[in-house]
Each structure stands twice: as structure tokens, then as C-alpha cells.
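Have a look at the structure below before the remarks.
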Amino acid sequence: MNSAEFLFVVCQRGAESALKNELAVCWPEFRLAFSRPGFVTFKLPADHGLSPDFDLRSVFARSYGFSLGRLVGAHAETMAEQLWQLAGHRAWDHLHVWQRDPAVPGDRDFEPGISTLAQQVGLVVAASRPPSVAPQRVFPVNLVARPGQQILDCVLVEPGEWWIGGHQASTMPSRWPGGTPKIDMPDGAVSRAYLKITDALLWSRLPVAAGDHCVELGSSPGGACQALLDRGLIVTGIDPADMSPVVLQHPNFTHIKARGADLKRREFRRIKWLVADANVAPNHTLDTVEHIVTHRQVNIQGLLLTLKLIDWHLADQIPEYLQRIRSWGYPLVRARQLAFNRQEFTVAALRRRPRPSNVRFATRHRSK
Ligand SMILES: C[S@@+](CC[C@H](N)C(=O)[O-])C[C@H]1O[C@@H](n2cnc3c(N)ncnc32)[C@H](O)[C@@H]1O
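In my numbering, the protein residues as written are 475 to 842.
Right under this line is the structure:
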């Protein structure tokens with residue numbers, strides 16, 4: 475397999491069809507090649523002309539790059555030598571090594587991230603690099619890259635089977651190893667929604683600041699509210715179900731025990747950010763959010779909406795969902811199945827470009 479003829483894409487286990495369908499629309503000239511749960515490759519047309527930091531414009535791709543080839547073997551040291559035969563003709567700034575997801579995030583205690591095995595393989599590969607390809611004394615392994623840096627990717631697809639590739643860091647996820655931010659869930663986190671909202675804030679770079687008022691629709695038991703409170707926000711949780719006492723006791727937290735649609739819209743007058751994570755169909759969440767944000771006394775600046783793919787086929791409607799959100803006066807809209815999402819995806823939307831100190835959302839998040 476020659477360099478840049480194939481693209482590898484890593485996604486959530488189970489999201490392969492949604493990924494293939496969206497790429498068939500955006501990139502009809504890509505041809506499906508090797509595929510495993512959570513790992514899909516495409517043959518690219520000979521004249522693809524794609525730059526090393528091109529934007530795949532995909533909701534379901536967690537990370538991707540140009541394939542350099544596949545290695546099979548029984549010993550990491552031998553495979554590392556073979557890896558450098560594939561990759562040694564170029565200079566690299568970083569090495570990212572990670573394992574294909576063994577399960578859906580949140581199932582069987584699995585959470586995405588760099589496993590001990592992946593880190594060990596990374597150290598073996600880094601130690602055997604020829605000096606010409608990475609002359610720096612310390613070759614970073616599984617660290618966050620800077621925009622413009624060249625990343626050598628190694629995906630552990632099966633035991634003894636590695637896929638090697640490369641990409642140039644640009645967007646935030648393309649800078650993280652495997653497209654996954656490193657998030658430590660604190661002891662006493664109320665739910666794994668703590669991970670989800672932290673991932674959403676890191677990815678979206680919404681200019682959320684301590685002291686801002688935020689509301690969450692679908693807030694019980696309260697992991698996301700807890701993470702927002704930890705960031706110094708003033709949080710209102712709206713949910714007919716009970717909140718964890720840990721969250722209820724926080725002085726900056728208010729619980730409104732109701733459904734989103736049951737509230738008077740003036741309740742949202744001071745709110746700057748709206749988060750939604752209700753376990754209902756996407757159009758149900760969007761109906762509720764639309765009713766709130768289009769009220770003339772409400773001026774919510776940004777949205778972080780988790781939309782539940784109750785059926786994977788709902789993924790086909792994502793472009794319409796995003797268009798609907800834009801029509802409410804949020805021109806800056808992006809969507810991603812976050813590493814810590816389950817059968818769902820997250821939309822970040824902003825009413826206007828942030829001030830210059832916070833321009834990253836605007837420059838990195840083109841409307842699709
Ligand atoms: C995935 S859980 C939310 C987890 C929560 N974000 C956390 O941080 O722990 C979904 C929640 O949505 C709530 N829900 C469902 N329909 C709702 C609605 N119309 N308005 C508000 N909450 C709703 C459910 O009661 C449930 O607690």
C-alpha cells in the first residue's frame with residue numbers, strides 16, 4: 475500500500491455505517507476498503523490532491539490520516555523496526571499510538587484513551603527511531619501536538635496488527651492522540667456525563683467563563699452540572715428526575731424539577747449557555763430548545779446539545795438538524811460524535827463570533 479493512497483478513519487464501535495454513509499455523501503469518490511468495528515479505511519482516487527491537514531468534514535470520524543501501511547507480527551520490537559521502514563522517509567514531530575476501541579464508551583467500564591499497552595508500544599517505537607526522522611532528543615509520545623506539527627499515527631487494530639499513518643495537526647481533535655482528550659474523572663463524579671461535557675467544552679472551545687449562567691435540560695443525576703460548577707459557572711438543572719445531593723448542595727446550583735417544555739421562557743433571561751442532554755429523540759430536544767432560544771427576551775449565546783441517535787438512521791438527518799439550529803440565529807454550528815459520547819452526537823453552536831481573544835471557535839468551526 476503506497477503512501478497517501480488510503481485514508482484510515484477511527485470512529486466509535488458501531489458507528490461505522492453512519493460514518494460510511496456520511497462520507498459517501500461528502501466524498502463519493504472514496505472507495506471503502508478494509509473495515510473493522512471502530513476502524514475503517516478508504517481507497518482514495520489517484521488525483522485526490524488532499525493536503526495533510528485536510529478537513530474530512532465528518533461527524534463520526536474521531537481521528538483520521540493517510541495510511542502508510544499495515545504491519546503484522548508477534549514482537550513489538552520487530553514491528554517497530556518495520557514501522558520505521560514504512561515511515562522513516564519523513565520527519566515527524568510526534569508519535570500517537572492508541573488501540574481501536576474494545577467496546578462502546580461507557581460499556582463494561584471502558585472509556586476511550588491511551589491504554590497501558592498503547593503507551594508501551596509507543597515507547598518501543600520511539601526508542602527504535604532512526605535519528606534522521608526525529609532528530610530531537612525527546613520524541614513526544616502521546617502528547618497533545620501543536621497546529622502544523624507532523625504526527626506519526628500507529629493504531630493497534632488487533633493484537634499483533636498495527637496500522638501506520640500520518641497527518642498534520644490542525645483542529646483540536648487532530649492534535650489529541652487518537653482524537654481523544656485526556657480527561658481524568660474525579661473521585662466522586664456523579665455520572666460519566668462529567669466526561670462528556672468536559673470533552674464537549676475542550677472540543678468546542680465555547681468561551682464559557684466562571685460566573686456565566688448556564689442551564690442544562692436533562693440534568694439528572696448531575697455529572698455535567700458538577701463539571702460546569704467545578705468551572706465556576708452558575709448552573710440551573712432542569713429535569714423531572716432527582717439530582718444527586720452532591721450537586722443539589724452546591725451553592726451555585728438550582729434544580730427546577732420539570733420538563734424543559736413546561737417552563738416559562740422568561741426563566742431563561744439571564745442564561746448565557748444552554749446545554750441539553752435529555753434522553754429523547756433529536757427533534758424533541760430541538761423543539762424544546764427552539765421554543766426557548768427564539769423568545770425575544772432570551773439571549774442565549776451558545777448551545778451544547780447532545781442529540782440521541784435512538785436509531786442510527788437518524789444520522790442521515792444531521793444536516794437538517796444543523797440547518798434548523800442555524801435558522802434560530804446561530805450561524806456557527808459544528809457537530810461531532812465525541813470520544814465520550816455513546817449512541818449520540820454533540821452540537822456546538824454560537825450566536826456570534828467571539829471577541830478576538832477567543833476567535834478559535836470561529837476560525838476552527840466553519841459551518842457545514
Ligand atoms: C442522559 S440523562 C442526563 C444525564 C445528565 N446530563 C448528567 O449529567 O448526569 C437524561 C435525562 O433527561 C431527562 N429528560 C428526559 N426528557 C426530558 C425533558 N423533556 N426535559 C428535561 N429533562 C428530560 C431524564 O429524566 C434523564 O434524567
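All C-beta atoms in this analysis are idealised placements derived from N, C-alpha and C, irrespective of residue type, glycine included.
As the structure is a prediction and not an experimental result, all values here were calculated from the model.
Residue i: CB within 8 Å of a non-hydrogen atom of ligand 1
i    : result
P828 : no
A852 : Missing from the structure shown is residue 852; the chain here goes from 475 to 842 and no further.
A732 : yes
T578 : The sequence given here places Val at residue 578; Thr does not occur at that position. Checking every heavy atom of ligand 1 against the Cβ of V578, none is found closer than 8 Å.
L691 : yes
I657 : no
C485 : no
S589 : no
G640 : no
T820 : no
Y668 : yes
T446 : Absent from the model: residue 446. The displayed extent of the chain is 475 to 842, so no value can be given.
G662 : no
T728 : no
H765 : no
C699 : yes
S665 : yes
T762 : yes
S678 : no
A674 : no
H724 : no
Pick from the options that is closest to residue i, judged by C-alpha positions
i    : options                   : result
A601 : A619, E585, H568 and P502 : H568
Q593 : Q573, A643 and R611       : Q573
P828 : E818, R816, Y804 and A813 : Y804
F480 : R620, I638, P614 and R611 : I638
A735 : H724, A752, V598 and A698 : A752
L597 : D583, P614, R582 and P604 : P614
L777 : P793, P756 and I799       : I799
P793 : V821, D785, A489 and A698 : V821
C628 : G539, G580, A684 and W677 : G539
L560 : T590, D583, G640 and R505 : G640
L680 : Q817, Q775 and S491       : Q775
I708 : P725, C485, I657 and I588 : P725
G512 : V807, F534 and D658       : F534
Q817 : A809, Y795 and I784       : I784
E503 : P576, G488, L626 and H522 : H522
S444 : A698, K782 and Q642       : Only positions 475 to 842 of the chain appear in this structure, which leaves residue 444 out of reach.
R740 : V720, T768 and V754       : T768
W802 : L591, L703, R770 and N815 : R770
S846 : L630, A619, D658 and L669 : Absent from the model: residue 846. The displayed extent of the chain is 475 to 842, so no value can be given.
K782 : V754, A809, H765 and A577 : V754
L591 : W558, L630, R611 and A577 : L630
Residue i, enclosing alpha helix (DSSP H) - first and last residue
i    : result
V720 : P719 to L722
L800 : This sequence places Arg at residue 800; Leu is not what is there. That run of the alpha helix (DSSP H) goes I792 to S801.
A507 : Element bounds for A507: not the alpha helix (DSSP H) but the beta strand (DSSP E), R505 to R510.
S693 : That residue, S693, is in no alpha helix (DSSP H); it is neither H nor E in DSSP.
V483 : Where V483 is concerned, there is no enclosing alpha helix (DSSP H), although the beta strand (DSSP E) it sits in stretches over F480 to V484.
T759 : P756 to V767
K670 : A667 to S678
A601 : T590 to A601
A554 : A550 to A561
CB contact flag (residue i, residue j, <9 Å)
i    : j    : result
R510 : E585 : no
L748 : V682 : no
P655 : A813 : yes
H758 : P651 : no
L788 : A750 : no
D529 : S644 : yes
P579 : Q486 : yes
A498 : W786 : no
S537 : V484 : yes
A684 : G706 : yes
L518 : W566 : no
G562 : R603 : yes
G692 : L722 : no
R564 : V607 : yes
V514 : E490 : yes
R808 : A823 : yes
L806 : R826 : yes
Boundaries (first-last residue) of the beta strand (DSSP E) holding residue i
i    : result
K628 : For the sequence presented, residue 628 should be read as Cys rather than Lys. Q624 to E632 is the span of the beta strand (DSSP E), which, as asked, contains C628.
R649 : Run containing R649: none in the beta strand (DSSP E); it sits in the alpha helix (DSSP H), M646 to R649.
Q642 : E635 to Q642
E818 : E818 to L824
Y538 : S537 to V546
L569 : H568 to Q573
K517 : F513 to K517
is_contact[residue i, chain D] using C-beta, thresh 9 Å
i    : result
E585 : Judged by its chain identifiers, the structure shown contains no chain D, having just a single protein chain.
Closer than 8 Å: residue i CB and nearest ligand 3 heavy atom
i    : result
P719 : The model on display carries ligand 1 but not ligand 3.
Self-check item: Inter-stretch contact (C-beta, 8 Å, three-pair minimum) for the stretch 659-666 and the stretch 745-765
Solution: no
Quiz item: Does the stretch 666-684 come close enough to the stretch 709-721 that 3 or more CB-CB pairs lie under 8 Å?
Solution: no
Quiz item: Do the stretch 551-562 and the stretch 634-648 make contact, defined as three or more Cβ pairs closer than 8 Å?
Solution: yes
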